[in-house]
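Visitor: Next up is a structure, given as structure tokens.
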Amino acid sequence: MPTTIAIIGAGAMGSAVGQRLIQGGARVLSFTEGRSQRTLDRVRAAGIEPAAIADIAKADLIFSIVPPAEATGVARRFAPVLSAASAKGTFIDFNAINPNSMRDVGSVLAGTGWDICDGAIIGLPPKPDNAGPKFYVSGGSAAIVDRLAALGLRAHRVDGSIGAASALKMVYAGINKGLIGLGTTMLLAAAGSGSAASLHAEMAESMPELLARFQRSIPDMYPKAYRWVAEMEEIAEFLGPDDPGAALFQAMAEVFSRIAHDQNADGRLASTLDGVLAGK
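Residues in the sequence shown are numbered consecutively from 1, following UniProt numbering.
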């Protein structure tokens with residue numbers, strides 16, 4: 001009998017992960033109540049079965065892959081049905097939240113009888129032509145990594161209890177997405193100051209690898225910017241009020257918020273960035 005895995009949050013990442021799990025021999029469900037037709041179409045296209053909340057609680061494994069601001073709310077909503085489930089499985093929070101937020105999730109789910117794991121996904125959604133992202137797990141049963149690997153995921157154990165995998169996600173995302181936010185800020189500044197062409201020429205000569213990275217990662221960020229706002233706030237909280245870097249990531253949240261608003265408006269900022277990246 002195949003392993004049944006339920007995914008809460010079948011967005012671009014969740015649906016792609018579900019498809020990879022199906023390829024690995026699993027049966028995959030997704031809680032789709034209240035989701036858009038676009039999400040329902042994505043779920044069905046991936047071979048994932050839409051399911052009611054009661055059916056989610058019957059799964060062997062549950063993955064929570066939602067925007068950071070929704071992670072604790074998901075735990076609260078599902079805690080009663082997980083407690084009532086006759087069979088207990090493993091719940092893995094794969095959200096981009098800081099260790100304190102993850103411990104809150106763990107506390108909410110502590111009395112359900114389920115094995116609770118802290119997870120982090122690093123990398124882009126899996127596609128047929130790539131190995132997919134890495135799935136880091138801490139806390140819970142030590143056997144979970146082998147279980148995920150057997151289903152086709154690149155799973156790794158992080159030493160430590162709940163919070164350790166989330167800490168890894170915070171520092172990695174701070175470097176990776178923080179760099180994208182920094183590039184976005186300075187490219188817009190270059191356009192506003194009339195130095196865009198000169199900046200592009202200089203980067204092409206002295207930092208070609210970074211320019212190429214920005215040319216890929218900044219346009220890829222536009223539709224995701226709204227989700228990165230809360231992630232930057234999670235990183236700021238992770239650093240704490242005594243770390244001057246916390247203010248930097250609060251500012252990064254504003255940068256991505258600005259891009260998110262631009263995506264819902266006329267796209268002027270995205271057009272400006274595209275122009276600078278193209279050397280125009």
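Ideal Cβ placement from N, Cα and C applies to all residues, glycine included.
Could you tell me which whole beta strand (DSSP E) segments of length 3 or greater appear in the stretch 75 to 145?
Guide: Those beta strand (DSSP E) runs which fall completely within the stretch 75 to 145 and span 3+ residues are 90 to 93, 115 to 122 and 134 to 138.
Visitor: Can you confirm whether V171, when its beta carbon is compared against all beta carbons of chain D, has any partner nearer than 8 angstroms?
Guide: Protein chain content of the structure displayed is limited to a single chain, and chain D is not contained in it.
Visitor: Just checking my contact of S101 with T72 at CB under 8 angstroms: how many whole Å lie between their CB atoms?
Guide: Right, their Cβ atoms sit about 7 angstroms apart.
Visitor: Note down, in chain order, each residue of its chain lying with its Cβ closer than 7 angstroms to the Cβ of K134, except the 5 sequence neighbours on either side.
Guide: Excluding positions up to five away in sequence, the list reads I122, G123, R154 and H156.
Visitor: Of all the options M252, E205 and P241, which has the alpha carbon lying nearest to the alpha carbon of W228?
Guide: Residue M252 is the option with its Cα nearest to W228.
Visitor: Can you have a look at S166 and say buried or exposed, based on whether 16 or more other CB atoms are within 10 angstroms of its CB?
Guide: Buried: at least 16 other Cβ atoms inside 10 Å.
Visitor: When you compare each of A212, G178, L273 and D159 to Y222 by their alpha carbons, which one comes out closest?
Guide: Ranking A212, G178, L273 and D159 by Cα distance to Y222 puts L273 first.
Visitor: How many whole angstroms separate the CB atoms of A57 and A85, which I take to be in contact at a CB cut-off of 8 angstroms?
Guide: That belief holds up - the Cβ atoms of A57 and A85 are roughly 4 angstroms apart, short of 8 angstroms.
Visitor: For A149, does the three-state DSSP call read helix, strand or coil?
Guide: The answer is helix: DSSP assigns A149 an H, G or I state.
Visitor: Is D243 buried or exposed, if buried means 16 or more other CB atoms sit within 10 Å of its CB?
Guide: So D243 ends up on the exposed side.
Visitor: Who are the near neighbours of G47 in its chain, counting only those whose CB is closer than 8 angstroms to its CB and skipping five residues on each side?
Guide: So the list reads G18, Q19, I22 and V28, once near-sequence residues are dropped.
Visitor: What separation, rounded to the nearest whole angstrom, lies between the Cα atoms of D118 and L151?
Guide: Near 18 angstroms, if we compare the C-alpha coordinates of L151 and D118.
Visitor: Excluding the five sequence neighbours on either side, which residues of its own chain have a C-beta within less than 8 angstroms of the C-beta of L148, listed in chain order?
Guide: Closer than 8 angstroms at the Cβ level, and outside the excluded window around L148, lie F135, V137 and A155.
Visitor: Looking at M232 and F256, is the spacing between their C-beta atoms short of 8 angstroms?
Guide: Contact flag set, yes.
Visitor: For D146, count neighbouring C-beta atoms within 10 Å of its own C-beta (all shown protein chains included) and say buried if the count is 16 or more, exposed if not.
Guide: Looking at its Cβ environment, which holds fewer than 16 other Cβ atoms inside 10 Å, D146 is exposed.
Visitor: Go ahead and pull the three-state DSSP assignment for A54.
Guide: In the structure shown, A54 sits in a helix (DSSP, three-state: H, G or I).
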